[in-house]
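Chains A and B, in that order, give the protein sequences.
Okay, so the first sequence: first residue is 24 according to my numbering, each after it adds one.
Okay, so the second sequence: first residue is 24 according to my numbering, each after it adds one.
Note that the Cβ used here is the ideal one computed from N, Cα and C, for glycine as well.
The structure appears right after this line, and notes come after that.
There are 2 protein chains.
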Amino acid sequence: MAWDTQRTRRLILDAAVAEFAAQGPEAARMDRIAAEAGVNKERIYSYFGNKRQLFAIVLTKELERLAEAVPLDEETASDLGEYAGRVFDYHRAHPHFIRLLHWEGLHTPAGEPVAAQAERTAHYADKIAALAAAQRSRRLNPGIPPQDLLYAVIALAGWWFATPQMQRMLMPGLNDDPDGRRAALVRLVRILSRTDP
Amino acid sequence: MAWDTQRTRRLILDAAVAEFAAQGPEAARMDRIAAEAGVNKERIYSYFGNKRQLFAIVLTKELERLAEAVPLDEETASDLGEYAGRVFDYHRAHPHFIRLLHWEGLHTPAGEPVAAQAERTAHYADKIAALAAAQRSRRLNPGIPPQDLLYAVIALAGWWFATPQMQRMLMPGLNDDPDGRRAALVRLVRILSRTDP
DNA sequence: GGGAATTCCAACTACCGAGTTGGAGTTTGC
DNA sequence: GCAAACTCCAACTCGGTAGTTGGAATTCCC
Numbered sequence: 024m025a026w027d028t029q030r031t032r033r034l035i036l037d038a039a040v041a042e043f044a045a046q047g048p049e050a051a052r053m054d055r056i057a058a059e060a061g062v063n064k065e066r067i068y069s070y071f072g073n074k075r076q077l078f079a080i081v082l083t084k085e086l087e088r089l090a091e092a093v094p095l096d097e098e099t100a101s102d103l104g105e106y107a108g109r110v111f112d113y114h115r116a117h118p119h120f121i122r123l124l125h126w127e128g129l130h131t132p133a134g135e136p137v138a139a140q141a142e143r144t145a146h147y148a149d150k151i152a153a154l155a156a157a158q159r160s161r162r163l164n165p166g167i168p169p170q171d172l173l174y175a176v177i178a179l180a181g182w183w184f185a186t187p188q189m190q191r192m193l194m195p196g197l198n199d200d201p202d203g204r205r206a207a208l209v210r211l212v213r214i215l216s217r218t219d220p
Numbered sequence: 024m025a026w027d028t029q030r031t032r033r034l035i036l037d038a039a040v041a042e043f044a045a046q047g048p049e050a051a052r053m054d055r056i057a058a059e060a061g062v063n064k065e066r067i068y069s070y071f072g073n074k075r076q077l078f079a080i081v082l083t084k085e086l087e088r089l090a091e092a093v094p095l096d097e098e099t100a101s102d103l104g105e106y107a108g109r110v111f112d113y114h115r116a117h118p119h120f121i122r123l124l125h126w127e128g129l130h131t132p133a134g135e136p137v138a139a140q141a142e143r144t145a146h147y148a149d150k151i152a153a154l155a156a157a158q159r160s161r162r163l164n165p166g167i168p169p170q171d172l173l174y175a176v177i178a179l180a181g182w183w184f185a186t187p188q189m190q191r192m193l194m195p196g197l198n199d200d201p202d203g204r205r206a207a208l209v210r211l212v213r214i215l216s217r218t219d220p
């Protein structure tokens, strides 16, 4: 039978995303990734180097996916609440990403460079530019610097996923109500971004 | 010389807070904690049980400290922006806490109970009640459910500390400007909480 | 002062996990 | 068809780490 090395690579990466997101880069086990992917552990090392490198590759891939899935242009920027809702939806459908982002944040010492830093900086710059454009055409509250608006969207859309244990403590009545949380998020961001205060 | 077991316990806990916050519960090393505290490793096990238990104790202690340091009553609730600023100040002065909270969030499987859950739930309930009271007396925007307001404050005040690597990418121009970030936070929360929109 | 209880610690064990190796099977190019 | 190059894998090494132990030093209490 013919080799299918691309498939092997993909199997490893898929398993690695799940393992790293679930366990973090320290507690993740290369043996588990190999077993989950159904390949030999040595394949991981020959294809992707060591554990750190694999984590960086996994993170970069997930960043690309997010960037594709939730674009922000002047049009979408004019309803920022709904945009935040879509970011929330993405996290809900792909909970791996934001966990990886937080693992990175917690494990990266201050000042240390991170994976794909230049691309990510450019990516945020694009979003900020889109927000600024929407502000100039008065479809978005111009009273808040666009960086701060983007920060608010990212933080408000993401916090629940990073600290899920807070849900039960902060909202003890309802046990897990993602639709309600999404609606609240959209409302909050709409208040921040409405043009006429 | 007389034994001073209380001092030993405190030394261990202080070292453990620093080590767990910096490295996370997986990468934290009991040997490092012992060395940093200047005591024998065995002391940790006899006083605090195993690594997991020590982490839970550390987290609970830090939660108590935060609760004391940043109380929220009807009075402070009426300037919620400034309250958010003070939460930010606390994180800046004690960066350990929010890192521990995120380590907990990432390492706790969904539905699993967490340390001091009942106390924390009650604590949040108090804060929500204070916000609701300020809303009734019209010193705070009553158009947003108090849980959502509290969520927004926590998320907006905390996000930078959980993902510090994003600072350079989201705000590439200025290299580390905590005062500016604090001011932006206060502004965002004021917009959310102003009574007359 | 002496015996029980407690505190301390150097050295140890047992295990686990990242990374390696040597060789067997498979494909490709000619 | 054959050799070079590549792909696969079971089994291994080796360093590190959570947790333990046995005993020495110290304190307490009568």
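Worksheet entry | Euclidean distance between Cα positions of A/Arg-116 and B/Arg-33 | Contrary to the premise, residue 116 of chain A reads as Ala rather than Arg in this sequence. C-alpha separation (whole angstroms): 44 angstroms.
Fill in: Straight-line gap, B/Ala-44 to B/His-130 (C-alpha atoms, nearest Å)
When rounded, the distance between both Cα atoms is 13 angstroms.
Worksheet item: Hey, how far is the Cα of B/Pro-220 from the Cα of A/Leu-172?
Response: Since pLDDT at B/Pro-220 reaches only 49, below the 50 mark, its modelled position is unreliable, and no value is offered.
Worksheet item: Alpha carbon to alpha carbon, how far is A/Arg-217 from A/Tyr-106?
Response: 13 angstroms
Discussion item. Within a Cβ cutoff of 8 angstroms, which residues of the same chain sit near B/Ala-57, ignoring the five residues on either side of it in sequence?
Written reply: Ile-35, Ala-38, Asn-63, Lys-64, Arg-66 and Ile-67
Worksheet item: Can you tell which of A/Ala-60, A/Asp-54, A/Thr-186 and A/Glu-127 has the C-alpha that lies nearest to the C-alpha of A/Thr-85?
Response: Sequence inspection shows Glu at residue 85 of chain A; the Thr mentioned does not correspond to that position. That would be A/Glu-127, whose Cα lies nearest to the Cα of A/Glu-85.
Discussion item. Using C-beta distances below 6 angstroms, list every residue in its chain close to B/Arg-213, excluding the 5 sequence neighbours before and after it, in chain order.
Written reply: The answer, listed in chain order, is Gly-104.
Item to complete: Using the Cα positions of A/Leu-89 and A/Pro-136, report the straight-line distance between them to the nearest angstrom.
Response: 20 angstroms
Worksheet item: Between A/Ile-56 and chain B, is there a C-beta pair that is closer than 8 angstroms?
Response: Chain B contact via Cβ: absent.
Practice prompt. Give me the Cα-Cα distance between A/His-146 and A/Ala-155, rounded to the nearest whole angstrom.
Written response: 14 angstroms
Practice prompt. Assuming B/Leu-193 and A/Tyr-174 form a contact by the criterion Cβ under 8 angstroms, report the distance between their Cβ atoms to the nearest whole angstrom.
Written response: 6 angstroms
Worksheet item: Whose CA, out of A/Gly-72, A/Pro-118, A/Asp-54 and A/Ala-178, lies closest to the CA of A/Leu-208?
Response: A/Ala-178
Item to complete: Quick one: list the residues of chain B neighbouring A/Met-53, beta-carbon separation under 9 angstroms, in chain order.
Response: Per Cβ cutoff of 9 angstroms: no residues; A/Met-53 is ~15 angstroms from chain B at best.
Worksheet item: Does DSSP put B/His-117 in a helix, in a strand, or in coil?
Response: coil
Fill in: C-beta atoms of A/Leu-119 and A/Val-176 nearer than 8 angstroms
According to the sequence displayed, residue 119 of chain A carries His and not Leu. For A/His-119 and A/Val-176, no; Cβs fall outside 8 angstroms.
Worksheet item: Mind pulling the chain B residues with CB within less than 7 angstroms of A/Leu-124?
Response: Within chain B, the C-beta atoms nearer than 7 angstroms to that of A/Leu-124 come from Thr-186, in chain order.
Discussion item. 8 angstroms is my cut-off, CB to CB: does B/Arg-110 come that close to chain A?
Written reply: The sequence as given places Val at residue 110 of chain B; Arg does not occur at that position. No, B/Val-110 lies away from the interface with chain A (no Cβ there is under 8 angstroms from its Cβ).
Discussion item. Check whether chain B comes within 8 angstroms of A/Glu-105, counting only Cβ atoms and requiring the distance to be less than that.
Written reply: no
Worksheet item: For B/Ile-35, does the three-state DSSP call read helix, strand or coil?
Response: Helix at B/Ile-35.
Discussion item. Can you tell me whether B/Ser-216 is helix, strand or coil according to DSSP?
Written reply: helix
Discussion item. Between B/Pro-168 and chain A, is any beta-carbon pair separated by less than 8 angstroms?
Written reply: yes
Fill in: Whole-Å CB distance - A/Leu-123 paired with A/Leu-82, under 8 angstroms assumed
5 angstroms
Item to complete: Please go through the same chain and pick out, in chain order, the residues whose beta-carbon is closer than 7 angstroms to the beta-carbon of A/Arg-21, but skip the five residues on each side of it.
Response: The structure shown does not extend to residue 21 of chain A, since chain A is modelled only from 24 through 220, so no value can be given for it.
Discussion item. Within a Cβ cutoff of 6 angstroms, which residues of the same chain sit near A/Glu-97, ignoring the five residues on either side of it in sequence?
Written reply: Ala-153, Ala-156 and Ala-157
Fill in: Contact with chain B by A/Thr-144, beta-carbon distance below 8 angstroms
yes
Item to complete: Determine, using beta carbons only, whether B/His-125 and A/Ala-100 come nearer to each other than 8 angstroms.
Response: no
Worksheet item: Hey, which unbroken runs of the beta strand (DSSP E) at 3 residues or more fall wholly within the stretch 141-191 of chain B?
Response: none
Worksheet entry | chain B contact for A/Thr-131 (CB, 8 angstroms cutoff) | yes
Discussion item. Counting only Cβ-Cβ distances shorter than 8 angstroms, please list the residues of the stretch 62-76 of chain A near chain B, keeping chain order.
Written reply: Within the stretch 62-76 of chain A, no residue qualifies.
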